[in-house]
Each structure stands twice: as C-alpha cells, then as structure tokens.
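To start, the structure under review is shown below, and the notes come after it.
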Amino acid sequence: MEIDKSYDFNKIESKRQFLWKNKKTFGAQNDISGSKPKFYCLEMFPYPSGKIHMGHVRNYAIGDAIARFKRLKGYSVLHPIGFDSFGLPAENAAIKNKTNPSGWTKSNIDSMTLQLKRLGFSYDWDRIVITSDPAYYKWEQLFFLQMLKNGLAYKKASNVNWCESCHTTLANEQVEDGKCWRCGNNITIKNMEQWFFNITAYAEELLKDLDDLKGWPDKVRTMQKNWIGKSSGLSVFFKIEGSEDNEDGIEIFTTRPDTIFGATFVAMSPFHPLAKELVKEPEKRIELERIIHNSLVSKDIAEKEGFFTGSYAINPFTDKKIPIYVANFVLMDYGTGAIMSVPAHDERDYEFAKKYNLEIIRVIRPKSGFEKEPDDSLPYMLQGAIVNSGEFNGLSSEEAKEKISAYAEKLGIGKKVINYRLRDWGISRQRYWGCPIPVVYCEKCGMVPLNESDLPLILPDDITFTGEGASPLEKLESFINTKCPKCGGYARRETDTMDTFVESSWYFLRYTLLNRIEQVPFKKDDISYWLPVDQYVGGVEHAVMHLLYARFFVKVLRDLNYFDLDEPFENLLTQGMVVKNGAKMSKSKGNVVDPDELIKKFGADTVRLFILFAAPPEKDLEWNDSGVEGAFRFINKFYKTIITAYADIFKNIDSDFAMEDGSAGNINQGVKKIVYQLSLVIEKTEAEMNGRYHFNTIISSSMELLNNFNDYMADEIQKERVLNPADRYLLKYFLNSVIIILYPFIPHVCSEAYEILNGSAIEKASWPEIKDTGYIQEKCNIAVQINGKMRDVVAIDLNASEDSVIEAALDSNKIRKYVAHKSSIKKTIYIKNKLLSIIV
RNA sequence: GCGAGAGUGGCGAAACUGGUAUACGCACUGGACUUAGAAUCCAGCGGGCUUGCCCAUGGGGGUUCGAGUCCCCCCUUUCGCACCA
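Quick look at the structure:
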C-alpha cells in the first residue's frame, strides 16, 4: 500500500467511501444463528430540503459513532436512513418555481444523499425509505383503512386550528404559543370536517408506559406526561332554575369537589350548546357572537370577559340559586365545557368574580401545621380544612373530595371521571403534497373506503400550481371524479391528504424490510428481531409531536396484529442545537455554517471530530471556526505520528506475537505505563458508549494517549534505547487500540491508518482487549490535607500502610510547618493511594 | 404563574458513588526554526500579593476531617406548558 507522507483527506475519504460502498460494508443482516446480539441505531430522518445543515451533521455524527462502536463490539447493527419527503416546502417551491413537487423532492434527495455519503456515515443504503414513494405510502393507506374499520380513524366537524399562511389545518401538538409550528403565523379557529386518529383511546397506555421508558430523558417523559394531562375529578349536574328534570341541567367538571359549597356561579364556554339556548335577549346575543368571534380569530389569551345569561343554576349541595355566566376563558373541548366557579379557591374564578362583582364564599381554611405560615388571603388554592360546608365541615380537602364525590354519585347527580388534556390527532391537511386519504364520497352510499386491493391510491402528477387558495387536488377533475367501490355509481374522492407526521410514525418499522419487492409493509419476524430501536437520536423539538405519534402508531399496529411490541424506542438521546454567536443558525441571522464548505476545506473527519469534541451531545454546541482548525490539527498529528513517523517501524510486527511467560519482566517501564493508561481509556470508553455518550471525554483521552505516545517515543529516540520484541508488540497494540477507539469518530483516517499498519480492514477488527502487562505503579501521589486544607503531595509506595504514609507526610517540610510532632495529631483519615487528612 | 434543567479560567469544556478543581482543546504570550511569514515544535497561561501563602466552581448559609458534587434560601439564565377548572 502506497503511503502518503502528509494527510490528504480528499484522497483518503474518497477511497474509503468507495470501498464501503463497493463492499457493502454496512449492510445489515438478520443474524439468524443468533450468535451476535442485535443493535438498532436510528437517527431521525431528514426532510429533503435540498441541503443538510449542521444540526443534521451533528445528529448523524452521533448516531454513526454509536453504530460503528457497536459493530466493533460485535453487534449485528441496523443503521438506516431515509427521507421524510412529503410536506409543504416542496409545494411552496413548486408554486414559486412553477415546477412539480415530486421533481423538486427527487433532486433534493439526490443532492442530500451525496452529502450524507460524502460525510461517510455508515448507513445501509439498501434499506432507504422515501415516504413520498407510493411503495411506502401504500401501506399507510392500508393502515388507515384498517384503523377506519376499527374506529381508530373517523371524520367529524369540529373547531380546528387553521394556519392561513400554510393554508391548512393543524393538530393541537403543532400549534406553539398560538402560532403555527412551521411558519409562525397566528392560528385561527375554523369549524371544518376533519379526519382524526383516535389517539385519546390510548391516552392511559401512552401515559402509563412512559414509566417504563427508563432510557428516555426525564425531560421528554415529563413533557409527554404533561401533554397527555390526566386529571381525575367529578362531573356534576347543576339544575337550571325553572326546569325540573336533570336533562335540562348543566353538567360541569371539577377536580376540586371539596370546594363545591363555595361554587357561587356557573361559567360556560361561549361555544357551549346551552349558551345559545339560554341567551335570548338580542343585545346579549350580539355579545355572545362577539366573544365567539374573538375566540376564533386568535388562540391568544384575551382579558377574561363574559356576561350573565339571565338564567340561574341550583348548586345541588347548597340549594342556592347561582347565576350562569358565559365566560371566554372556559374551554369547550375540555371536560364538559362548563365549570362551577369557586372564586375563593381558584385564581381564574376569583379574577372573574372580582371583575363582575360576584359572590365569594370561602370553604377552605389553611390547616395549622399544613403550611409554614398559613396565608389566609384569597384566593386560597391549596388543600386545607373544610368550612361553610354543612355536614362536611372539619374534613380535610382529601376526605371531602372523596365524601362529596361519593354523595353526588349516591344522589345520581354526578360521577367520578378522568379527563385528559390530550385531544384526538387531527390528520387532515388541505394540501397536495401528502399521502392521499383512501376514501370516496358517494351520492348514494355516503363515505366509502377504497378496497384494500385498489391501493395504492396514487397522488396524481398532472397538477398545475397557482398558489391560490385550496389544494390543487380540489380542482383536478380526473382525480376527484371516480366510481363508488360499493355501488359503482358516481363518487368524489377525498381531497385532504394526511399529516406528514403519519409517515414518520412508522418509517423505522419499514427499515427492517430488506426485500422491498415483497408485498408487505414489514415482516413480523424482522420486527421482532430488530425492534425496539436500541438507540434513537434526534432533536428535542420532537419530544411531544413525533415521539408521541410514533408511540401511538406502534400500539395501534400491535392491536391490528402486525407484531407484538409496546414501545418502539428503548433509549432516546436528544441532542442539543448547533448555535453560533449564541443563536440558532438561520439565514435571517446570517450565522449559517455550510457543511459542504467545511468538508472541502478540512474533510469529513475533521467536521465530525469537531462536532463531537466541542460539547457533550445533549448540550447546545457553540460553533467555533478555530476549534475546527484544532480538530484538523489533531488529525494531522494523528496521521503524522502513526503513518508518517512510525508506520515503517510497526507495520511488519506480527500482531499475533505471543508474550512468553516471564516476558512481562522485560517490558520497558515506559511501555508498561502507556499501555496501562490505554487500559484505563478502553474501560472509560466502554462505559461512556454504554449510554452516556460523552464522546468529548473519549476524544480528549485519546488526545492524551497520542501525546503520551509521542513523548515516550521521543524519549526512546533520544536515549537510543533498543526496543525488544515485547515492547514493539505492545506499542503496535497501543497504536492499533488508539486507532480503533477513534474510529467511530474519524472513521476514514482510522481505516487508512489501520490498513497501513496491519494490511487488513479495520471493519474486521474488534474492540481492543485490555492487556495486563503486570504494570505496577510503584509510587503513587498522596494528597495530604491539614484540617481539611490541601498542604502537600507526597510520593509513596503503592498500597502503603496508613502509618507509613503519616511518617512520610511528617517528613515533608510543608507538613511539618503545621504538624511538628506526631503527638499533636488528633485524628487522621486515610483513603488508600489517594489522600491523607490530618486533624490537629 | 407552574414544571424541568443549567451557572466552573478570556472561550468550548473535564472532574463516575463527596477526596490533589480547571484534564483535553481553542485563544493569548514568549522562544526555536525561517530573509520574512505560514506551518510545526518547545515553554507559559484562574486571580492576588510579601514566592509562600491567601482567594477562587452565580451569591449567602449549613452538613462534613474534606463540598463544583449533598441540604436550605436567593440571583441569573435556558427550555417546556400556560386560562385544561
């Protein structure tokens, strides 16, 4: 093999990438014999925007490091990639450039594939998944039909989030701060017919199983838990004055039944069906319409406002009549859309009551001893002792909750209920570039699903984009007009497409299918072999959306008998953002660093090394151009040391050399020492790669190893010492080990170095064994503290006794300044080989 | 407002169960090599002064022989949720 004297990354990287591709080095195989444990390493697949950015590079560098490490450790590794290729940008680009989304998407996928390959990630490219491919979304349509059959997909009219700029509806998860998650436009509310997935049917399981996801960051689990938002309480009927039967009552939901005696008014959502019934006066009707209108135009919080409907309800516990208000802060789609207001013990009710001069009755007092200083001021939101509540007086809040609920149930006016904040997942999108929903509307039969055998329903290509108003599908007669699968009569196709989060809810299952000619979405055997994903890596921005949907989807497919799996992702690593000058990289801030340019200048290994070295993966990473140069400098040094300076010496050494018995005694002490340091680093690396993944510390340890090696060799050369065979063998082992440790981070140059040194491919090598050279650290440094303060460090024989350490300490001038005689020592604490603490 | 995390040199960061704080790298300074520079190599690099000590891990208390690490209070900051009754 020809050896270059200096580091030519272009040559090395293109050579390695060529070999990897040609030999299909990273093709994943189900290990049928079962001799190898499996490892599924997954990174969140990208949207094909056209260019990868630093966030992608970081995400994939992390995943690649893990995948390569696990291969070295003998795992059968699945490390796939794909493209989440449906979505709005393609459509917007099509409108702007008067092209077709599929062409735009295809060329973006091509150029991003080149970029990913240029970075040398160890993907099994034969398993690529492209979600806009009918061969992929065909199965999604099948799942949809099966969900429809099982009541897990349904259509209903409801108030949904509408983004005018994206011209489509959005799911609740996709609204952030009243704004669209994609474009930041203000969300308005529209009442529309929409398709939903019944994710709330799985709310309890999605919540419960979070406890088992021990490999997830607490932060993400908490976010999901809060998003699901389970709360238990009581729903009670309040009769409306003047009507006798409960049918005419108003049902409210409360989590604080213990405060029911303090309920002084009922507040209902302006969208509550009773609101229109109760509000008869024309002026009040106008007021109601105004409040409804305001709630529709913006999700933003307005000032609390409302008005008296003119009707009264009867508090079933006090029998007092209390006014019914319409209030803009009451949500229609949570609980029952109406509440009992207890201004004494609820902040919101208090604010409203103050504004409209409503009665405030205290029914809870702080219990003495319950809080440090009982704060008597209202509203008092904590638990306490019940007052003003008839027979329930004196109970604690907890007891009262129970007894009042039980009493309401006994009376038949209430029942204990559990509510979730989670809403069903609205999946309809009024856009073209997405997976078509496989149903038609027949004049005779109504909504009719397509036959499974008619799938895929292919998204038509002959589209003209005007950029105006509705989805172009709505105007495409050749698409819309069809025959009813049931009666054969005229039918119109559904023109909504699915939320692109549906595709990303199961792509990781599709990767397991190698032979895509087979007419299945995936095979049960493959799923049970590869799933769950052992390590998932991606951005925290998907903590609720994608990660919740995917968990839901897996549970649905499990219940449709596709496989037996409860949770898809065993371990989750959420990497931090890549920032520059303290801000997220963005075109508008002008702080974008282009991976392509860096690769051109320094090569892929350098970019990857910097990104993994500069910060631990979960933290934000501050971009630093001179830091990149530092990474480049290190790789040059690595190359010069191993290849330019010492390859000739070590390449012909037999790595099968067996150390004879007793040869340990002949080993040079310096060699023993660096090999011992190496063993510490091997151990530490294995520990880090077991889940914490702080690559930065592994890399810095490797830098130290290389520095120590160089120092040692410089010393040898200076002293013109002759290395014996055991020394040479161990030094080669040392170099090979450093190469292997660094391989997951800088795979190209390490592959090259390994092959030059050994004449074989590093992919055939395995993780280094620790070699016991019988290295004994003869001396160790013991820190000596006097009264807890560091005073000196003394060198002592390893494993010395406490007494001899004390003797040695007292020999030190520095120590003797504080302790003249042994007799003045009151106490000593001795941590073997580490520290001696003397109290005087 | 509620919930979770973070705060260590000029900068990115190390320090696993309390045990020599600042490893590794960047920047900076000096030196070597050079006609000069680049590159490379060597040395220095938390602060203070009386050169051996004092002060330093956001601030203040506490526990301990010993605290970046554990406990309490406060400040700053990032993220998530925000009328969910």
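Quick note: the first sequence uses our numbering, first residue 414, plus one each step.
Cβ atoms here follow ideal geometry from the backbone N, Cα and C, with glycine treated the same way.
Since we're looking at a predicted model, the values are computed, not measured.
What first and last residue would you give for the alpha helix (DSSP H) that runs through residue i?
i     : result
K568  : Counting along the chain, K568 falls outside any alpha helix (DSSP H), though it belongs to the beta strand (DSSP E) covering 566-576.
V1162 : 1160-1171
V1088 : 1082-1100
T1263 : An answer regarding residue 1263 cannot be provided, because it is not within the stretch 414 to 1253 covered by the chain.
W433  : 422-435
R481  : 467-485
Taking residue i as the reference, which of the options has the closest Cα?
i     : options                  : result
S1237 : K1227, V1253, L1248      : V1253
N864  : A1139, K993, G675, C897  : C897
K937  : F557, Y975, R929, Y949   : Y975
E586  : D537, G642, L558, A548   : G642
W629  : N984, F1026, D497, N1103 : N984
Y920  : P459, S448, G447, N443   : P459
I1159 : N1137, Q843, H580, T1019 : T1019
F422  : C1193, S1164, G825, E577 : S1164
G750  : M681, K816, S802, A740   : M681
T908  : K1247, E815, S884        : S884
Which two residues bound the contiguous beta strand (DSSP E) that contains residue i?
i    : result
Y854 : 852-855
S648 : 643-653
N894 : 894-896
G952 : 948-952
A751 : 751-754
T582 : 581-583
F610 : 600-610
T987 : 985-988
A506 : That residue, A506, is in no beta strand (DSSP E); its alpha helix (DSSP H) goes 501-510.
T667 : 663-667
I831 : 827-833
What is the DSSP secondary structure of residue i, counted as helix, strand or coil?
i     : result
R905  : strand
R531  : helix
R842  : strand
I1112 : helix
E784  : At E784, the pLDDT of 42 sits below 50, so the modelled position is not reliable; the number obtained from the coordinates is stated separately. Coil.
G1187 : coil
Q554  : helix
Y769  : helix
Q796  : coil
T360  : Given a span of 414 to 1253 for the chain in the structure shown, any question on residue 360 remains unanswerable.
V633  : helix
I595  : One point to set straight first is that residue 595 is Arg, not Ile, in the sequence displayed. Coil at R595, not helix or strand.
N1194 : strand
E716  : coil
K1145 : helix
V743  : coil
F1045 : helix
What is the rounded straight-line gap between the Cα of residue i and the Cα of residue j?
i     : j     : result
E696  : P683  : 15 Å
P934  : K968  : 16 Å
N659  : G827  : Per-residue confidence for N659 stands at a pLDDT of 49, beneath the threshold of 50, marking its modelled position as unreliable; the derived number appears in the next sentence. C-alpha separation (whole angstroms): 11 Å.
E786  : K780  : Here E786 scores only 44 on pLDDT, less than 50, and its place in the model should not be relied on; the value that follows carries that caveat. Answer to the nearest angstrom: the Cα atoms are 10 Å apart.
C858  : K899  : 8 Å
K1086 : R540  : 46 Å
D497  : F1026 : 29 Å
D977  : R842  : 31 Å
K1230 : A1208 : 18 Å
T895  : W594  : 35 Å
R703  : L527  : 56 Å
E654  : C576  : 42 Å
L744  : T613  : 18 Å
P849  : D622  : 32 Å
E1010 : F1045 : 14 Å
F1051 : I1112 : 12 Å
F1108 : M1102 : 8 Å
At a cut-off of 7 Å, is residue i close to the ligand NAP when judged by its beta-carbon and the heavy atoms of the ligand?
i    : result
F452 : The ligand NAP is not among the ligands present in this structure, which contains no ligands whatsoever.
Residue i bridges to which residues according to DSSP?
i     : result
P849  : T910
C454  : Q948
L1034 : V991
E589  : K592
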